[in-house]
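Take a look at the structure below.
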Amino acid sequence: MKTSNKLLFSFIGFVVLLMIASDVILRANYNNGRFSDKAKDGDKKTWIEGLPPFKVLKVEGKESHTLTISYGDSARIIFGNQNYKHYEYSRRDDTLFLKYEKDLDFRLLECPDLSALVLVNTNVYLSEMKLDRLKIVAGNGAEVRVVNSNIDHLDMEVGNSATVEFSNNSAIDSLNLALGKHSALYMYDVPFRYTHLQLDSLRELSVTGSSLSSMKEMQSK
Numbered sequence: 031m032k033t034s035n036k037l038l039f040s041f042i043g044f045v046v047l048l049m050i051a052s053d054v055i056l057r058a059n060y061n062n063g064r065f066s067d068k069a070k071d072g073d074k075k076t077w078i079e080g081l082p083p084f085k086v087l088k089v090e091g092k093e094s095h096t097l098t099i100s101y102g103d104s105a106r107i108i109f110g111n112q113n114y115k116h117y118e119y120s121r122r123d124d125t126l127f128l129k130y131e132k133d134l135d136f137r138l139l140e141c142p143d144l145s146a147l148v149l150v151n152t153n154v155y156l157s158e159m160k161l162d163r164l165k166i167v168a169g170n171g172a173e174v175r176v177v178n179s180n181i182d183h184l185d186m187e188v189g190n191s192a193t194v195e196f197s198n199n200s201a202i203d204s205l206n207l208a209l210g211k212h213s214a215l216y217m218y219d220v221p222f223r224y225t226h227l228q229l230d231s232l233r234e235l236s237v238t239g240s241s242l243s244s245m246k247e248m249q250s251k
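Its first residue numbered 31, the sequence shown is counted upward by one per residue in my numbering.
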């Protein structure tokens, strides 16, 4: 075999090995929550970053910020500008840890499924989700709003001085809510088949329409 042919085959073999190694590294990074796929939409001036799949989401941020979570075919974050550099995330098993320290222009976090949501120093606006079961844990002062969503079983543990709202064509089959002192609860025409509420000295309570007629049980701590 000519020397030139040997060099050609050696080069091709090297390229193939390099591609295989790159694929292995990308898969390892993806599985460890280090996947990044930023794309800019020139018309809407948004930035999109792909996320690894998850079922549990823990968000740690600023009390003044509200994160909107909605259904999407894949997990991703949509930003209004380039300040995605001020947040970080990692994944362990099926849990995604999302952390940020500044008021980021999050337009939306999309995911195809969600079984548990833990909020630390941040608020959430849950929209257009259809879930069999969801557990939400939020600390003091949190704002949790569920709109345009259908959830079969919803368990919530929310701290003191918080705000919880159900509205805008949502439907929840079973609600188990423990809400801390001096909090506000709004249930605007959202049907429930079963409710178990643990409430302690609410600062405000508003229940209207089908929510009022659906109330089955209210238990004070």
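Each residue gets a CB set at the ideal place from its N, CA and C atoms; glycine is no exception.
Alpha-carbon to alpha-carbon, residue j and residue i
| i | j | result |
| --- | --- | --- |
| Leu215 | Thr225 | 13 Å |
| Leu227 | Val177 | 19 Å |
| Glu158 | Gly102 | 9 Å |
| Ser236 | Asn199 | 16 Å |
| Pro83 | Asn151 | 23 Å |
| Ala146 | Gly110 | 26 Å |
Residues near residue i in its chain [Cβ-Cβ closer than 6 Å; skip 5 each side]
| i | result |
| --- | --- |
| Arg175 | Tyr155 and Glu195 |
| Lys160 | Asn180 |
| Gly189 | Gly169, Asn170 and Gly210 |
| Val148 | Lys88 and Val167 |
| Thr125 | Val86 |
| Ser204 | His183 and Tyr224 |
| Met245 | Thr225 |
8 Å contact criterion, which residue i and residue j should meet: CB distance rounded
| i | j | result |
| --- | --- | --- |
| Asp143 | Lys85 | 6 Å |
| Ile99 | Cys141 | 7 Å |
| Glu90 | Lys129 | 5 Å |
| Leu81 | Arg122 | Rounded, the Cβ-Cβ distance is 14 Å, inconsistent with contact. |
| Glu173 | Thr96 | 7 Å |
Residues near residue i by beta carbon distance below 7 Å, same chain, minus five either side
| i | result |
| --- | --- |
| Glu187 | Val167 and Ala208 |
| Ser269 | Given a span of 31 to 251 for the chain in the structure shown, any question on residue 269 remains unanswerable. |
| Ala201 | Asn180, Val220 and Pro221 |
Three-way DSSP call (helix, strand, coil) for residue i in this model
| i | result |
| --- | --- |
| Gly80 | strand |
| Leu232 | coil |
| Ser213 | coil |
| Leu144 | coil |
| Ser204 | strand |
| Ser104 | coil |
| Ser197 | strand |
| Ser241 | helix |
| Asn178 | coil |
| Asn190 | coil |
8 Å Cβ shell around residue i - same chain, five flanking residues per side excluded
| i | result |
| --- | --- |
| Ser241 | Phe196, Met217, Tyr218, Asp219, Val220, Pro221 and Phe222 |
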